[in-house]
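Scroll down for the structure; my scribbles are underneath it.
2 protein chains.
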Amino acid sequence: MKKESMKIKELFSKQEGLIGREVTLQGWIRNHRKQKNMGFIELFDGSCFKSLQLVYTTETDADGKLKVLHNGACIQATGIVQQGFQKELIELEVTSVELLGDCPEDYPLQPKRHSIEFLRENAYLRPRTRLFQAVFRIRSVAAQAVHNYFTDRGFLYVHTPLITANDAEGAGNTFAVTTLDIVNGKSDQKMTKEEFFKEDFFGLPASLAVTGQLEAEVFAMAFGDVYTFGPTFRAENSNTKTHAAEFWMIEPEMAFCDLDRLMDVEEDFLKTILGFIMERCQDEITFLEEFSKLPLRERMQSVIDSKIARVRHAEAIQILKDADERFEFEPCFGEDIAKEHEKYLTDKYFKAPVFVYDWPKDIKAFYMYQNEDGQTVGAVDLLVPGAGELMGGSQREVRYDRLLARMDELGISQESMWWYLNLRKFGTCDHAGFGMGFERLLIYVTGMENIRDVIPFHRTPGSCEY
Amino acid sequence: MKKESMKIKELFSKQEGLIGREVTLQGWIRNHRKQKNMGFIELFDGSCFKSLQLVYTTETDADGKLKVLHNGACIQATGIVQQGFQKELIELEVTSVELLGDCPEDYPLQPKRHSIEFLRENAYLRPRTRLFQAVFRIRSVAAQAVHNYFTDRGFLYVHTPLITANDAEGAGNTFAVTTLDIVNGKSDQKMTKEEFFKEDFFGLPASLAVTGQLEAEVFAMAFGDVYTFGPTFRAENSNTKTHAAEFWMIEPEMAFCDLDRLMDVEEDFLKTILGFIMERCQDEITFLEEFSKLPLRERMQSVIDSKIARVRHAEAIQILKDADERFEFEPCFGEDIAKEHEKYLTDKYFKAPVFVYDWPKDIKAFYMYQNEDGQTVGAVDLLVPGAGELMGGSQREVRYDRLLARMDELGISQESMWWYLNLRKFGTCDHAGFGMGFERLLIYVTGMENIRDVIPFHRTPGSCEY
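In the order they appear, the protein sequences are chains X and V.
With the first letter of the first sequence counted as 1, position 205 gets the number 259 in this note's numbering; the numbers rise by one all the way through.
With the first letter of the second sequence counted as 1, position 236 gets the number 290 in this note's numbering; the numbers rise by one all the way through.
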């Protein structure tokens, strides 16, 4: 029979007022230690990072129901709240227990340290471990931080489409979306490719979106400040620690905004969400610091306290060329900046995050604002110590002719992009935006090394389990 | 040159304190009316539903820059805040203006009422109309309401995967996701289907998820209360007003929860988010009431004030059978309830929302709790006057053997669902959850008739524009 139950979070927040009171809790057994005359059950319910110690003696467990409880079992426990003996502030002296869902002895999660790879294979159980309780609580709180940041400032939340017929960002690394018969393909030889795709659900080749930016621009030209926060897809066949085929991205877009204001917003956004997470996830961060051996709190605080430097790409290259440091790749004007260069700039030279802006146009996207020098575009990357490139943004090219010329140069079809071009024709204005991969932020905040471990169920080449 | 500018929302909220002050604003011209000696410009900037009236005289417009401004143009205007003459509370007496982005005379949006179909075709411009300013602001505020509701109550926000290899909900209406060559298919005759899909990105057939529920259950068994809010996909080839191939869904899942508590949560959730939207979107709702000729506010308030009735499916059928009403479809025990039946129950019989629960098992999903009668499952649909079925939920079957038997009966493969079954083996407990199509809620709140008009860019058979 069920009693009105309490969450462990509530118990810890009201603890002093509850001592001596009877409460009922429901949760899972993480560890059950049995001694000769007593037993200790570590119970968690997911409401907070802390677990609660349940204590019983052979006398209180006269019917022997408690001592046989397995690790992993789900129980309802009633007992008296007590001042704890050791470091725990409170514990529960159990008076009765009900087994809600048993767990066999071969339960994969045992009260020992499992390898992270083992837990990844058991992704449907790992949310029950302390490590992933910390990671996924932070993920949820970080998402809340993002939404709060933008809605507090009047930004409109826009759901841009996931299925798209735009091929704007360049072909090759997108997933096709289809209801056609993949196995048999276009079996009729006389049929053209166009005729074949006419029979597809949308009547033309469709794919999963790699960005929501272009559609976000539509909304920025009507609502001023907008943002997206949704899944994004890349069919890159690369098995690295930082790439996933499906990940979540945040893309704000602001009208009446140039590159300078964009950097202001990025800086304020990053500091605000880090502060939000640090305040709400103290137990989780403490645990993850021990786990990762990284000074997570300190490095986040130092970002919050820093004034983020701003250097042009050309200046950054000059700093790298002048550096008393051997790089594997030589820094070069007009080229990208390697990971080792980023690291030098953030960790050694600036000892702080840095915005690198005004990038060579040839290594950046077609929609970026063409600077007067004819060589660079108004793009900006934010480099953060310990995280590398965390955000990438740009002021957009709003001069119709220049945008068109650049699309022609790069061979980008106007046909599917007519509306994007038209935005420049009908009451345009300077606007700018950035993208931040949500998992990249989470890797930085949690100290986890692999993107597979900050996302509930990872999608990578060959991996589509669960 | 840019001046420190103000949003129209800020102007209206501080209006009295600003009278006589000079301010600068940026926005778009919705309508420009010219009289002999004066001109009136309706300016909006998307920060709020209200637009601001800019006033000028032929004297203040000595250089003639103002009178030539086109509808749709983007401008920066500086002027003195004035008490308005007519119904507007404040207006701006323009002292100077800068054209940021001109708009040609053939601008598709003219200051007249366009048909909703015309606006749908011009989906990249419609966010600038008053109608879609209202709709998409409500969409954003409703999303905020959803997130706030759950995070305020300690629910974990989970991002369940969009690409999946589960075929649990039954085949046929899913989109395939692939990097294979769709046009040529499996050209090698000797290759098996399995070998063919081994070469696909994930090494097996993958599709777009129709639900995140099963993965949400994983997290409920670790965090207690969780929810998802993300895109969902159906490849249904139906051209109705309520179906889209891509839409957003909210799916909470709660551990230690039975059908009764589920209904409690659904009721509280619906009332809370309706209240949140009504409070924050007053201007938008007023406009939409005029547009739709529906008593939007009144019907939302009546939901908030109601105690939602709860009837078993069998009782509901009995009510329908006893009704003094001719139905096109005869109500029948063991069968689904038609739209006309829903309407009778909510609009005539209960004159309020109603939960219909304990549904015949044969018309419901495999994972629902099997009631002791052997005929029904612990499922519940929430029917709302003017909206029809708004939410659907169930207590989940957590008895391993019964779940397995039901899957066998329905021919659902255990192979891809081993982990879902295992959840029942390792420390399970009663849990329950519901799903709400976000657009269905929006259709109800906004009074819009077509799902295509509450989603930024709709994806329906043959439509994948933008």
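We put the CB at the ideal spot given by N, CA and C, even for glycine.
6 Å CB neighbourhood of residue i in its chain, flanking five on each side removed
| i | result |
| --- | --- |
| V:Phe488 | Glu320, Met445 and Gly447 |
| V:Pro259 | Phe251 |
| X:Met55 | In this prediction, X:Met55 has a pLDDT of 41, which is less than 50 and means its spatial position is unreliable; nothing more can be read from the coordinates. |
| V:Gly128 | The sequence as given places Cys at residue 128 of chain V; Gly does not occur at that position. Result list for V:Cys128: Trp82, Leu154 and Gly155, in chain order. |
Residue closest to residue i, alpha-carbon to alpha-carbon, out of the options
| i | options | result |
| --- | --- | --- |
| X:Leu427 | X:Pro414, X:Ala419 and X:Pro439 | Correcting the residue identity first, residue 427 of chain X is Asp in this sequence and not Leu. For X:Asp427, the nearest C-alpha among the options comes from X:Pro414. |
| V:Leu79 | V:Glu58, V:Glu248, V:Gln89 and V:Asp318 | V:Glu58 |
| X:Ile509 | X:Asp160, X:Ile192, X:His168 and X:Gln89 | X:Ile192 |
| X:Thr149 | X:Ala370, X:Ala368 and X:Ala131 | X:Ala131 |
| X:Phe103 | X:Val200, X:Phe273 and X:Asp337 | X:Asp337 |
| X:Asn176 | X:Phe273, X:Pro162 and X:Val189 | X:Pro162 |
| V:Arg84 | V:Asp99, V:Met60, V:Gly126 and V:Asp117 | V:Gly126 |
| X:Met308 | V:Glu463, V:Glu64 and V:Gly81 | V:Gly81 |
| V:Val77 | V:Val135, V:Pro439, V:Arg364 and V:Gly100 | V:Val135 |
| X:Glu64 | X:Phe94, X:Ser105 and X:Arg87 | X:Ser105 |
| V:Ser517 | X:Thr296, X:Glu271, X:Ala116 and X:Asn220 | X:Asn220 |
| V:Leu328 | V:Cys311, V:Gln198 and V:Glu519 | V:Gln198 |
| V:Ile500 | V:Ala459, V:Arg460 and V:Leu350 | The residue asked about is misnamed: residue 500 of chain V is Thr in this sequence, not Ile. Ranking V:Ala459, V:Arg460 and V:Leu350 by Cα distance to V:Thr500 puts V:Leu350 first. |
| V:Arg366 | V:Gly432, V:Phe345 and V:Ala377 | V:Gly432 |
| X:Arg460 | X:Phe480, X:Thr430 and X:Gly481 | X:Thr430 |
Euclidean distance between Cα positions of residue i and residue j
| i | j | result |
| --- | --- | --- |
| X:Thr340 | X:Gln69 | 21 Å |
| X:Ile391 | V:Ala298 | 43 Å |
| V:Arg513 | V:Gly133 | 43 Å |
| X:Gln137 | X:Glu145 | 6 Å |
| V:Glu469 | X:Gly266 | 35 Å |
| X:Asn504 | X:Ile497 | 7 Å |
| X:Ala441 | X:Glu290 | 21 Å |
| X:Gly278 | V:Ile170 | 23 Å |
| X:Glu96 | X:Gly155 | 16 Å |
| X:Lys397 | X:Lys347 | 19 Å |
| V:Ile331 | V:Val357 | 13 Å |
| V:Val195 | X:Cys483 | 26 Å |
| X:Asp455 | V:Gly71 | 44 Å |
| V:His485 | X:Asp99 | 14 Å |
| V:His86 | V:Pro165 | 9 Å |
| X:Leu120 | X:Glu333 | 37 Å |
| V:Phe383 | V:Thr214 | 38 Å |
| X:Glu159 | X:His124 | 7 Å |
| V:Met354 | X:Phe66 | 38 Å |
| X:Asp507 | X:Phe229 | 23 Å |
Pair within 8 Å by beta-carbon distance, residue i and residue j
| i | j | result |
| --- | --- | --- |
| X:Pro407 | X:Leu436 | yes |
| V:Phe204 | V:Tyr110 | no |
| X:Val231 | V:Lys240 | no |
| V:Phe34 | V:Pro306 | Beyond the ends of chain V as shown, which are 55 and 520, falls residue 34 of chain V; an answer cannot be given. |
| V:Met502 | V:Val189 | yes |
| V:Arg184 | X:Ala276 | no |
| V:Leu324 | V:Val434 | no |
| V:Asp416 | V:Asn425 | no |
| V:Phe381 | V:His395 | yes |
| V:Ala528 | V:Val200 | Nothing about residue 528 of chain V can be reported from this structure: the residues present for chain V run from 55 to 520 only. |
| V:Glu493 | V:Phe301 | yes |
| V:Asp318 | V:Gln449 | no |
Residues sharing a beta bridge with residue i, DSSP
| i | result |
| --- | --- |
| X:Ala486 | X:Met308 and X:Gln449 |
| X:Met303 | X:Gly284 and X:Gly491 |
| V:Val434 | V:Tyr411 and V:Gly447 |
| V:Tyr211 | V:Tyr281 |
| V:His86 | V:Ile95 |
| X:Met60 | X:Leu79 |
| V:Tyr110 | V:Gly93 |
| X:Ala131 | X:Leu79 and X:Val151 |
Contact set for residue i: own chain, Cβ-Cβ below 7 Å, skip 5 residues either direction
| i | result |
| --- | --- |
| X:Ala222 | Bear in mind that the predicted position of X:Ala222 carries a pLDDT of just 49, short of 50, making it too unreliable to give a figure here. |
| V:Thr233 | Asp254 and Phe255 |
| V:Asp401 | Pro439 |
8 Å Cβ shell around residue i - same chain, five flanking residues per side excluded
| i | result |
| --- | --- |
| X:Leu457 | Phe420, Tyr421, Glu451, Leu475 and Arg478 |
| X:Leu216 | Leu262, Ala263, Gly284, Pro285 and Phe287 |
| X:Ala274 | Val280, Glu307, Met308, Ala309, His485 and Gly487 |
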